[in-house]
Amino acid sequence: MPISLYNSLTRRTEPFVPLDPERVTMYLCGPTVYNYVHIGNARGPVVFDVLARLLRRHFPGVLYARNITDVEDKINAAALSEGVPISTITERYARAYHDDMARLGIAAPDIEPYATAHIGEIIAMSQALIADGHAYVAEGHVLFDVASYPDYGALSGRDTDELIAGARVEVAPYKKNPTDFVLWKPSPPELAGWDSPWGRGRPGWHIECSAMCAAQLGETIDIHAGGVDLLFPHHENEIAQSTCAHGGKTFARWWMHNGMLTFDGRKMSKSLGNVLLVHELLKAQPAEALRLRLLSGHYRQPLDWSEAAINQAISTLDGWYRVLRDLADVEVAAGDLPVPEGVETALCDDLNTPQALAELAVLADAARQSGTAAAKAGLLGGGALLGLLQQDPEAWFKRGGEQPVDAARIEALLEQRRAARAARDFKRADAIRDELAGMNIAIEDGAQGTRWSVLKQ
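Its first residue numbered 0, the sequence shown is counted upward by one per residue in this note's numbering.
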């Protein structure tokens, strides 16, 4: 079935036809690694991980790149604060980012370019823009001349004259126009820097992605993705500099943007104290529940984050994993799991994950009622395309929070309870159940014995 995707540039949903079906290219703006990422930063990687999975089902070759920004002013500030090189900061938080993303079930991208490994390409692109009259040098800076690109503002729908008139920040005196943006800037001795034709300096943020994308995927790519907060000015600037550096070639054929997260209906911000770090959330909540919540709304719409929403995600997964646990003895044929048509149809419709999850719920009900291998395989296959239901059901129910569960102690208590019940000492058996409840453990007696699971906090 064909894939249709909303294109932020054309503002409509279009059938997705790549330039080369043998080599589909997608680029996602990755993190700036100066601190742990917050849960809003994880929405794009989760959503576009599902898109990458879908594309791989439809095309034989997919190249998916997600960059690491490892030189930027926030990184410089963190390094100066600790009195260490920027690499100390960036390596620490890149490792943390990789761990967070892996725990959320996000597959590693095919390519992960680092900005500092592309300084040569950044300088070369800046030189090309200067040579073609699209950039100029001023006081050791290289700036893109926005007036040289008449289509500036096409992505965001902003008029250049209005942008100039509405500029409220103090404009650097060396700029020709307030909207001109930095491609290269000088670095004082205490900051990271590289030699260039314009002196020792460092790249501007926008050109890093353009240079990395061109170096790794080519001058024209199929899909460029990121959060809607990056649409302007970051992605607008990427289009301008990439198009002008490559002789007018289209930079990205599809632009896709995920909506932002709110917290209990309010914007997440440091000033409000409601920024939730993935690193911390993973200590308290099951990673799969966080992923499910991030997929529960349509990717282009805002998504509210709350404790109640996470508890609902946990309850949903409890139900689905309970079906799989009950069907533990039902063998599924080895090999690739089938993806039910309803799940795939939903995802092919502009990545409609809410509908895909609704289809997964139907599949779980069908598996519960029929108990067949085909129904179980469908549930697992649909879950796999969404990155869900891939762990052992018992592992899900015996998950722990920040403190590990003492499984050996729980099993010992259950054995004592079995012995007490066999001796008809029901008072002792009930006391053990209460003790387990005090440990946040629920037990369930059934034909196959007694099972236990961790209660929601």
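Backbone N, C-alpha and C define an ideal beta-carbon position, used for all residues, glycine too.
For residue i and residue j, I'd like the C-alpha separation in whole angstroms.
i, j, result
"Asp109", "Tyr63", "5 Å"
"Leu0", "Asp433", "Before going on, a small fix: residue 0 reads as Met here, not Leu. Approximately 53 Å between the Cα atoms of the pair."
"Ile220", "Gly60", "14 Å"
"Asp303", "Leu271", "15 Å"
"Gly225", "Ala95", "20 Å"
"Leu435", "Ala286", "24 Å"
"Arg299", "Asn439", "38 Å"
"His37", "Lys73", "15 Å"
"Leu216", "Trp451", "49 Å"
"Trp204", "Glu71", "7 Å"
"Leu27", "Val46", "11 Å"
"Tyr135", "Met25", "31 Å"
"Gly377", "Pro112", "36 Å"
"Arg10", "Ile2", "17 Å"
"Ser295", "Asp158", "35 Å"
"Ile442", "Gln311", "20 Å"
"Arg408", "Ile431", "12 Å"
"Ala130", "Thr68", "27 Å"
"Ile206", "Leu362", "46 Å"
"Gly264", "Phe425", "48 Å"
Taking C-beta to C-beta, are residue i and residue j nearer than 8 Å?
i, j, result
"Trp183", "Ser125", "yes"
"Val16", "Leu54", "no"
"Arg199", "Ser186", "yes"
"Trp254", "Leu8", "yes"
"Leu291", "Leu316", "yes"
"Ala213", "Ser195", "no"
"Pro202", "Gly258", "no"
"Thr371", "Leu413", "no"
"Gly139", "Trp197", "yes"
"Leu491", "Thr12", "With the chain covering 0 to 456 only, the question about residue 491 has no answer from this structure."
"Arg427", "Ala419", "yes"
"Val342", "Ala332", "no"
"Asp48", "Gly380", "no"
"Ala365", "Ala374", "yes"
Got a sec, what are the start and stop residues for the alpha helix (DSSP H) residue i sits in?
i, result
"Ser186", "Neither: Ser186 is in no alpha helix (DSSP H) and is coded neither H nor E."
"Trp395", "392 to 396"
"His256", "Taken as a continuous stretch (DSSP letters only), His256 belongs to no alpha helix (DSSP H), being part of the beta strand (DSSP E) at 251 to 257."
"Thr242", "235 to 244"
"Glu90", "85 to 102"
"Asp429", "425 to 437"
"Val45", "38 to 57"
"Leu457", "Outside the displayed span of the chain (0 to 456) sits residue 457, for which this structure offers no information."
Got a sec, what are the start and stop residues for the beta strand (DSSP E) residue i sits in?
i, result
"Ile222", "220 to 226"
"Thr352", "Taken as a continuous stretch (DSSP letters only), Thr352 belongs to no beta strand (DSSP E), being part of the alpha helix (DSSP H) at 352 to 369."
So who's on the other strand from residue i, going by DSSP bridges?
i, result
"Val342", "Partner(s): none; Val342 has no beta bridge."
"Met25", "Tyr63, Ile222"
"Asp444", "Thr449"
"Gly200", "Pro185, Trp193"
"Ile118", "BP columns for Ile118 are empty, so no partner."
"Lys266", "Thr261"
"Tyr5", "Thr12"
Does the segment 312 to 328 come within contact of the segment 376 to 393, defined as at least 3 CB pairs closer than 8 Å?
yes
Between the segment 149 to 156 and the segment 235 to 254, do at least 3 Cβ pairs fall closer than 8 Å?
yes
Is the segment 90 to 106 close to the segment 187 to 195, with three or more CB pairs under 8 Å?
no
Segment contact flag, the segment 170 to 177 with the segment 86 to 102, C-beta cutoff 8 Å, min 3 pairs
no
Cβ contact check for the segment 78 to 92 and the segment 37 to 46: 3 or more pairs under 8 Å
no
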